[in-house]
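Have a look at the structure below before the remarks.
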Amino acid sequence: MVETPPETPHFTTFKSTIGKTEWQAVKQRWQQQGVTPSAALLTLFAATLERWSRTTTFTLNLTFFNRQPIHPQINQLIGDFTSVTLVDFNFSAPVTLQEQMQQTQQRLWQNMAHSEMNGVEVIRELGRLRGSQRQPLMPVVFTSMLGMTLEGMTIDQAMSHLFGEPCYVFTQTPQVWLDHQVMESDGELMFSWYCMDNVLEPGAAEAMFNDYCAILQAVIAAPESLKTLASGIAGHIPRRRWPLNAQADYDLRDIEQATLEYPGIRQARAEITEQGALTLDIVMADDPSPSAAMPDEHELTQLALPLPEQAQLDELEATWRWLEARALQGIAATLNRHGLFTTPEIAHRFSAIVQALSAQASHQRLLRQWLQCLTEREWLIREGESWRCRIPLSEIPEPQEACPQSQWSQALAQYLETCIARHDALFSGRCSPLELLFNEQHRVTDALYRDNPASACLNRYTAQIAALCSAERILEVGAGTAATTAPVLKATRNTRQSYHFTDVSAQFLNDARARFHDESQVSYALFDINQPLDFTAHPEAGYDLIVAVNVLHDASHVVQTLRRLKLLLKAGGRLLIVEATERNSVFQLASVGFIEGLSGYRDFRRRDEKPMLTRSAWQEVLVQAGFANELAWPAQESSPLRQHLLVARSPGVNRPGKKSREPLFTAALWHRSAHFTDPAKRSVIYAAACPRLIRRLSQPNPRQLPGGIRRWKDRWLNSGNRCCLGPVARHHDFFELGGDSLMATRMVAQLNRRGIARANLQDLFSHSTLSDFCAHLQAATSGEDNPIPLCQGDGEETLFVFHASDGDISAWLPLASALNRRVFGLKAKSPQRFATLDQMIDEYVGCIRRQQPHGPYVLAGWSYGAFLAAGAAQRLYAKGEQVGWC
Numbered sequence: 009m010v011e012t013p014p015e016t017p018h019f020t021t022f023k024s025t026i027g028k029t030e031w032q033a034v035k036q037r038w039q040q041q042g043v044t045p046s047a048a049l050l051t052l053f054a055a056t057l058e059r060w061s062r063t064t065t066f067t068l069n070l071t072f073f074n075r076q077p078i079h080p081q082i083n084q085l086i087g088d089f090t091s092v093t094l095v096d097f098n099f100s101a102p103v104t105l106q107e108q109m110q111q112t113q114q115r116l117w118q119n120m121a122h123s124e125m126n127g128v129e130v131i132r133e134l135g136r137l138r139g140s141q142r143q144p145l146m147p148v149v150f151t152s153m154l155g156m157t158l159e160g161m162t163i164d165q166a167m168s169h170l171f172g173e174p175c176y177v178f179t180q181t182p183q184v185w186l187d188h189q190v191m192e193s194d195g196e197l198m199f200s201w202y203c204m205d206n207v208l209e210p211g212a213a214e215a216m217f218n219d220y221c222a223i224l225q226a227v228i229a230a231p232e233s234l235k236t237l238a239s240g241i242a243g244h245i246p247r248r249r250w251p252l253n254a255q256a257d258y259d260l261r262d263i264e265q266a267t268l269e270y271p272g273i274r275q276a277r278a279e280i281t282e283q284g285a286l287t288l289d290i291v292m293a294d295d296p297s298p299s300a301a302m303p304d305e306h307e308l309t310q311l312a313l314p315l316p317e318q319a320q321l322d323e324l325e326a327t328w329r330w331l332e333a334r335a336l337q338g339i340a341a342t343l344n345r346h347g348l349f350t351t352p353e354i355a356h357r358f359s360a361i362v363q364a365l366s367a368q369a370s371h372q373r374l375l376r377q378w379l380q381c382l383t384e385r386e387w388l389i390r391e392g393e394s395w396r397c398r399i400p401l402s403e404i405p406e407p408q409e410a411c412p413q414s415q416w417s418q419a420l421a422q423y424l425e426t427c428i429a430r431h432d433a434l435f436s437g438r439c440s441p442l443e444l445l446f447n448e449q450h451r452v453t454d455a456l457y458r459d460n461p462a463s464a465c466l467n468r469y470t471a472q473i474a475a476l477c478s479a480e481r482i483l484e485v486g487a488g489t490a491a492t493t494a495p496v497l498k499a500t501r502n503t504r505q506s507y508h509f510t511d512v513s514a515q516f517l518n519d520a521r522a523r524f525h526d527e528s529q530v531s532y533a534l535f536d537i538n539q540p541l542d543f544t545a546h547p548e549a550g551y552d553l554i555v556a557v558n559v560l561h562d563a564s565h566v567v568q569t570l571r572r573l574k575l576l577l578k579a580g581g582r583l584l585i586v587e588a589t590e591r592n593s594v595f596q597l598a599s600v601g602f603i604e605g606l607s608g609y610r611d612f613r614r615r616d617e618k619p620m621l622t623r624s625a626w627q628e629v630l631v632q633a634g635f636a637n638e639l640a641w642p643a644q645e646s647s648p649l650r651q652h653l654l655v656a657r658s659p660g661v662n663r664p665g666k667k668s669r670e671p672l673f674t675a676a677l678w679h680r681s682a683h684f685t686d687p688a689k690r691s692v693i694y695a696a697a698c699p700r701l702i703r704r705l706s707q708p709n710p711r712q713l714p715g716g717i718r719r720w721k722d723r724w725l726n727s728g729n730r731c732c733l734g735p736v737a738r739h740h741d742f743f744e745l746g747g748d749s750l751m752a753t754r755m756v757a758q759l760n761r762r763g764i765a766r767a768n769l770q771d772l773f774s775h776s777t778l779s780d781f782c783a784h785l786q787a788a789t790s791g792e793d794n795p796i797p798l799c800q801g802d803g804e805e806t807l808f809v810f811h812a813s814d815g816d817i818s819a820w821l822p823l824a825s826a827l828n829r830r831v832f833g834l835k836a837k838s839p840q841r842f843a844t845l846d847q848m849i850d851e852y853v854g855c856i857r858r859q860q861p862h863g864p865y866v867l868a869g870w871s872y873g874a875f876l877a878a879g880a881a882q883r884l885y886a887k888g889e890q891v892g893w894c
């Protein structure tokens with residue numbers, strides 16, 4: 009396929025006819041076989057497409073007229089009563105063309121029995137479940153007007169009777185690439201293809217149409233060909249090699265078919281990478297190996313796992329009760345601040361809410377979750393795509409009790425307050441949620457994953473179970489801050505042979521290497537739960553235990569991810585999961601919900617737009633993935649810890665033996681492709697989900713940096729090069745070298761501490777190569793930028809506002825936009841630039857006087873900024889200026 013251009017699409021029409029004698033004869037034969045002419049032509053149309061299709065299974069769109077007798081005068085109503093139904097085809101099974109036509113006829117009758125459910129609604133629901141896509145879901149249409157009458161006349165007679173003889177017929181439909189229309193005229197069959205230009209490769213549409221005409225003529229000339237295999241009806245028409253424009257002389261479908269001939273392989277997908285390498289992704293059957301018996305080990309169900317002490321449970325409950333209440337109030341305040349839900353009389357459409365909050369597309373699902381949360385708590389009423397409040401959201405009460413004073417409780421409370429204060433910047437993308445969560449002191453992540461009573465208890469029991477299982481080979485996925493790793497390593501020190509620490513971020517790997525450098529038999533690697541497996545990175549014997557703590561909810565498809573992990577286990581191996589099972593957490597929505605992984609789900613969770621699963625739901629998906637549930641703790645559905653620990657076992661071996669499989673693939677495909685047996689062109693990757701291309705970025709040769717930005721390079725290397733793979737040159741890209749969002753957050757924080765206050769995440773994303781980033785910093789720092797204009801109003805007075813302890817002035821933007829006056833902000837410079845507070849205040853006074861030489865001055869500050877405003881006011885007053893400050 010080629011990219012569809014953004015301009016108005018153009019269509020090309022291909023037409024042909026079948027003479028009256030030939031058409032009437034073949035139509036009569038089809039009817040004698042119990043097949044309508046429409047079903048027969050639809051099958052031949054699908055058989056043609058299969059010759060060109062990437063897969064042998066696909067779905068077509070069938071239009072039909074659905075004028076329901078709901079009113080006595082319905083037939084006098086002029087309107088478009090077109091409806092659609094979806095018809096699926098599968099040409100992989102060895103059936104005759106006649107049988108395929110009969111199957112098509114049966115599916116048509118079945119689908120028509122459910123015609124009350126319009127195919128458009130089905131496509132819309134599929135689109136919602138799959139997420140936004142640039143391409144239409146069902147772009148190929150079949151339209152039959154055979155047998156249709158109007159007032160006793162055929163369609164062509166009725167059209168001629170009403171409008172005269174047509175001299176030109178043209179049709180085009182949005183979201184349709186190819187529309188095949190058939191009708192009768194004077195006993196002849198007239199058929200047309202209406203094809204959108206620039207969708208298929210040049211010349212492909214006409215070649216496909218010619219193939220269809222040839223297949224139709226072959227059926228008319230040789231009626232007995234209906235009893236041949238459907239794949240053989242076009243034997244005289246060569247099957248189009250896929251990919252059509254590839255330079256290789258093999259067909260990827262042949263490779264896939266040869267792979268599927270081996271037992272235990274359920275799906276296969278071959279692809280050619282941009283570098284020309286051939287990759288093969290396969291899915292193994294779920295049936296356990298008959299020789300794989302479950303080892304006789306300790307029954308985990310007999311474990312005595314007490315809950316934390318009552319005082320700890322009370323502290324936990326009080327903390328979460330405060331967090332939930334404050335989060336709800338904070339969400340309401342954010343919406344109110346933008347004029348939303350202040351009165352029950354006004355309803356707000358979702359598009360207007362998005363615009364008011366300047367919400368980026370990546371956060372619009374979270375915004376819907378906010379509205380759903382408020383609706384479920386009966387603060388809002390939903391009316392289609394609009395919401396109105398029952399009472400103003402400003403009436404949502406504050407927490408009734410104070411947050412407990414424990415260190416972990418206060419850390420989470422402060423984190424929530426910071427998130428609420430930054431909601432506007434988070435929605436607009438001006439602030440990174442990772443920056444707020446993974447601060448330099450790790451106070452928030454320690455409170456979430458290590459220090460609170462629930463996490464401490466669950467981490468302790470995870471280590472206890474790992475030791476009890478005598479796990480020799482352990483894989484931890486999503487290990488993150490290593491809050492679980494530390495106790496597990498300690499508990500298994502005498503039994504384990506290897507511990508594989510993995511995460512999606514290289515920054516966590518670097519931190520873990522430094523922390524556990526004294527631990528033996530620990531390896532580190534990147535691992536993404538949403539990507540196919542590379543078995544060469546894991547022990548062939550399989551793992552005894554896989555640990556996944558608070559990570560699997562980030563899976564785009566939970567069941568597929570669980571199936572992948574099962575492939576890495578040995579016979580009887582265990583998967584240990586710890587997951588938050590509270591599905592309606594407002595604290596999550598107001599804080600960590602802005603992190604992309606929590607809204608990346610594409611599976612059944614789209615139905616209610618909640619990323620978390622209950623205990624019973626986790627047990628259900630584990631069974632779907634082929635596991636046998638062994639332990640769920642706590643046993644009750646609603647956990648006082650708001651989390652559950654679950655253990656499931658793999659009942660057998662599902663992992664393919666690569667050493668035995670690959671030679672078989674090579675031998676089977678030897679005659680099909682010489683390229684497949686060339687090691688330089690071949691890369692066989694076994695996977696357990698949808699195929700992915702393997703991309704290997706080449707590393708260019710280093711070049712000399714210009715002297716003007718050499719000092720910025722040194723600071724980049726000191727802060728970020730530990731996270732990157734290999735040496736860094738001026739034209740290297742931070743993210744192509746292995747950098748990710750978390751590493752970027754850490755690097756920017758380190759640059760800020762080294763005196764580069766202008767460094768921020770947005771600039772790094774916009775200028776990701778070393779030379780561009782350094783040049784941008786140099787340009788940005790070369791001139792004075794204080795004071796920064798926040799608002800240009802019509803009022804005569806000018807307001808100067810000072811930053812708080814975080815050095816940022818974005819918190820002033822809502823006030824500035826509401827005032828009809830000029831507002832300037834004083835943003836923090838490098839923290840190392842001033843030795844004393846007095847020096848900082850003197851600098852700010854100079855900036856103010858450059859903007860406004862004389863008073864009266866109006867100054868404002870909050871938090872740390874109040875001290876700055878007071879100090880500046882004193883200095884201006886001492887100079888004889890009139891000053892007002894607040």
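So for the sequence shown, the working numbering puts the first residue at 9; every next one is plus one. Heads up, the beta-carbon is just placed ideally off N, CA and C, and yes, glycines get one too.
Proximity of residue i and residue j at Cβ, strictly below 8 Å
i      : j      : result
Ser607 : Arg373 : yes
Thr510 : Phe543 : no
Ala475 : Ala491 : no
Arg610 : Glu645 : no
Val586 : Thr470 : yes
Pro822 : Arg438 : no
Ile339 : Trp378 : yes
Val831 : Leu867 : no
Three-way DSSP call (helix, strand, coil) for residue i in this model
i      : result
Asn119 : helix
Ile78  : coil
Phe516 : helix
Phe742 : coil
Asn83  : helix
Met146 : coil
Val7   : Because residue 7 is not part of the residues shown, which for the chain are 9 to 894, the question remains open.
Glu129 : helix
Cys411 : coil
Arg723 : Its pLDDT being 49, under 50, Arg723 is placed unreliably in this model, and the value from its coordinates should be taken loosely. Reduced to three states, the DSSP call for Arg723 is helix.
Leu576 : coil
Asp526 : coil
Residue i, enclosing alpha helix (DSSP H) - first and last residue
i      : result
Asp511 : First-last for Asp511: Ser506 to Asp511, but that is the beta strand (DSSP E), not the alpha helix (DSSP H).
Ala215 : Ala212 to Ala229
Cys381 : Gln372 to Glu384
Own chain, CB closer than 8 Å to residue i, minus 5 neighbours either side, in chain order
i      : result
Gly27  : Glu196
Thr309 : Glu638 and Leu639
Glu30  : Ile228
Bounding residues of the beta strand (DSSP E) (the contiguous stretch that carries residue i)
i      : result
Asn344 : It is not in any beta strand (DSSP E) - Asn344 instead sits in the alpha helix (DSSP H) that spans Gln318 to Arg345.
Arg657 : Gln651 to Arg657
Tyr865 : Tyr865 to Ala868
Glu196 : Glu196 to Met204
For residue j and residue i, believed in contact at Cβ under 8 Å, the rounded distance
i      : j      : result
Leu331 : Leu420 : 6 Å
Leu442 : Ile554 : Contact flag wrong, Cβ pair sits at about 25 Å.
Pro642 : Leu315 : 7 Å
Gln529 : Gln568 : In fact, because the Cβ distance is near 30 Å, the residues do not count as touching under 8 Å.
Below-8 Å beta-carbon distance, residue i vs any chain D residue
i     : result
Trp60 : Of the protein chains in this structure there is only one, and it is not chain D.
Beta-carbon contacts of residue i that lie in its chain and below 7 Å, excluding the five residues immediately before and after
i      : result
Ser825 : Cys799
Contacting residues, own chain, Cβ-Cβ under 6 Å from residue i (five flanking each side not counted)
i      : result
Glu590 : Arg650
Thr51  : Gln108, Met109 and Thr112
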